[in-house]
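Colleague:
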Amino acid sequence: PTIIKGDYTPRFKLKLAHKDAKLAEALFAGGSVPLPIHEHARSLLDAAMDAGYGEEDASAVSRIVEQRMGRPIRKG
Numbered sequence: 284p285t286i287i288k289g290d291y292t293p294r295f296k297l298k299l300a301h302k303d304a305k306l307a308e309a310l311f312a313g314g315s316v317p318l319p320i321h322e323h324a325r326s327l328l329d330a331a332m333d334a335g336y337g338e339e340d341a342s343a344v345s346r347i348v349e350q351r352m353g354r355p356i357r358k359g
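Okay, so the sequence shown: first residue is 284 according to my numbering, each after it adds one.
#1: What is the DSSP secondary structure of Asp-303, counted as helix, strand or coil?
#2: Can you give, in chain order, each stretch of the alpha helix (DSSP H) that sits fully within the stretch 309–352 and has at least 4 residues?
#3: Touch check for the stretch 295–307 and the stretch 345–357: three-plus C-beta pairs under 8 Å?
#4: How many Å lie between Pro-355 and Ala-304 at the Cα?
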């Protein structure tokens, strides 16, 4: 519902999700299990951080998805 409304009021800041993704990546580094979903999520988080969304809710990553799709996934 928050993405549909375009509400990115911080509940869990994107910069914290980004930090956690980096920690998980370090934990699994050198492992034998590929993590393609994590790699994709990390690329979205990286792009959202680069776009300046770090202080917004982690759901603000949806803005990057919208940019890559070339259309909104939310109303407005």
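No residue lacks a Cβ here, since even glycine has one placed at the ideal position from N, Cα and C.
Modeller: Reading it off the structure:
#1: Residue state, collapsed to three classes: helix.
#2: You should have 319–333, 344–352.
#3: They do not touch, by the three-pair rule.
#4: In this model, Pro-355 and Ala-304 are separated by some 25 Å (Cα to Cα).
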